[in-house]
Each structure stands twice: as structure tokens, then as C-alpha cells.
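Q: In our numbering, the protein residues as written are 14 to 150.
Virtual Cβ for every residue (Gly too), placed ideally from N, Cα, C.
Note that the structure is predicted; figures quoted are calculated from it, not measured.
#1: Using C-beta distances below 7 Å, list every residue in its chain close to residue 127, excluding the 5 sequence neighbours before and after it, in chain order.
#2: Closest by CA to residue 38, which one among 47, 48, 49, 26?
#3: Can you give me the C-alpha to C-alpha distance between residue 60 and residue 111, rounded to a whole angstrom?
#4: Rounded to whole angstroms, what is the Cα-Cα separation between residue 18 and residue 106?
#5: Are residue 123 and residue 85 closer than 8 Å when you measure CB to CB?
#6: What residue does the alpha helix (DSSP H) around residue 118 start on, and which one ends it?
#7: Any Cβ of chain B within less than 8 Å of the Cβ of residue 66?
#8: Can you tell me whether DSSP reads residue 106 as helix, strand or coil?
#9: Measuring only the C-alpha atoms, how far is residue 70 from residue 31?
#10: What residue range does the alpha helix (DSSP H) around residue 34 cover?
#11: Across the stretch 93 to 104 and the stretch 62 to 76, are there enough close Cβ pairs to call them in contact, namely three or more that are closer than 8 Å?
#12: Going by other Cβ atoms of all chains shown within 10 Å of its Cβ, with 16 needed for buried, is residue 14 buried or exposed?
#13: Please say whether residue 135 and residue 81 have beta carbons closer to each other than 8 Å?
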């Protein structure tokens with residue numbers, strides 16, 4: 014949930030950068046400060062199964078990983094269309110476009126981060142909890 018809120022904040026920073034290049038870029042730093050620890054935690058909790066080598070996983074885990082990666086790729090492709098369309102439509106209008114490339118860059122980076130985290134989020138959400146007797150030494 015916190016990771017999703019961080020992504021929403023990153024999109025909001027991109028919107029702010031479209032209108033105000035003084036404050037907007039400064040807001041990206043807190044977004045990154047929230048993102049990297051959350052992403053690291055997600056990787057640890059999911060056992061890095063989303064990007065684990067094939068030899069480290071059994072057949073069921075490989076199937077789960079490949080399915081999650083496929084969904085992550087689809088999410089990345091769809092979300093990256095948004096900044097592309099933003100560049101096309103805003104660039105076609107007359108006026109000052111000095112903030113548009115920076116804002117679009119933030120939108121692309123956010124889309125790539127969401128897509129990159131999607132497999133780990135899916136695997137973390139769908140993995141069964143450990144049995145209590147497995148947790149005791």
C-alpha cells in the first residue's frame with residue numbers, strides 16, 4: 014500500500030513539474046527516499062523470486078515468476094503509453110513547453126518503476142504464508 018502511495022506521489026510530482034519547475038524537482042527527492050527502502054523491503058519479503066535465476070527456482074516457482082513477469086511487462090507497456098501520449102498532445106499545442114520534457118521524463122521513470130515492481134508485488138501478494146511450525150527453530 015505504501016509503495017502504491019509512493020507511485021501516486023511520483024505522478025503528482027510529475028504533474029507539479031509540468032506547471033512549476035522550481036518546486037517540482039525538489040519533490041522528487043522525498044519520493045525516491047520513500048521508494049528505495051520500500052522497494053528493498055518488497056524484494057526481501059518476496060524472496061527476490063521475481064528476478065531470481067531459473068536454477069534457483071522449482072517448476073511451480075518458475076511458472077509463478079513468468080506469469081508475474083508477463084503481467085509486469087503488460088503494465089509497463091500500458092503505463093508508458095501515458096507519457097508518450099502526453100508528449101504527443103502537449104507538444105502539438107502552441108505555447109511554452111519548457112517543462113514538458115522533464116515532466117514526461119518523470120512520468121516515464123515512474124511507469125518503469127511501477128512495471129519493474131509489479132512482478133515482486135504480485136508474487137508477494139500471492140505467496141502463501143509460512144506455516145507456524147516452519148518458523149520455530
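A: If we stick to the structure as given:
#1: Taking the chain shown and counting its residues from 1, the one referred to as residue 127 is at position 114. Taken in chain order, the residues that qualify are 20, 88, 92.
#2: For the purposes of this step, residue 38 is taken as residue 25 along the chain shown, with counting starting at 1. If we check each option's Cα against that of residue 38, 26 comes out closest.
#3: In the chain shown, counting from the first residue as 1, residue 60 sits at position 47. In the chain shown, counting from the first residue as 1, residue 111 sits at position 98. Cα to Cα, the separation comes out at about 43 Å.
#4: In the chain shown, counting from the first residue as 1, residue 18 sits at position 5. In the chain shown, counting from the first residue as 1, residue 106 sits at position 93. Looking at the two C-alpha atoms, the distance is approximately 31 Å.
#5: Stepping through the chain shown from its first residue, residue 123 is reached at position 110. Stepping through the chain shown from its first residue, residue 85 is reached at position 72. Contact: no.
#6: For this step, residue 118 is matched to residue 105 along the chain shown. That run of the alpha helix (DSSP H) goes 113 to 139.
#7: In the displayed structure, chain B is absent; only one protein chain is listed.
#8: Within the chain shown, numbered from 1, the residue matching residue 106 stands at position 93. Looking at residue 106 - three-state DSSP - the assignment turns out to be coil, as it is neither helix nor strand.
#9: Position 57 of the chain shown, counting from 1, holds the residue named residue 70. Position 18 of the chain shown, counting from 1, holds the residue named residue 31. Residue 70 and residue 31: Cα-Cα distance of roughly 44 Å.
#10: Translated into the one-based positions of the chain shown, residue 34 becomes position 21. First-last for residue 34: undefined, no H or E at that position.
#11: no
#12: Sequence index remark: in the chain shown, residue 14 carries index 1 (1-based). Exposed.
#13: The count along the chain shown starts at 1 and reaches residue 81 at position 68. The count along the chain shown starts at 1 and reaches residue 135 at position 122. Yes.
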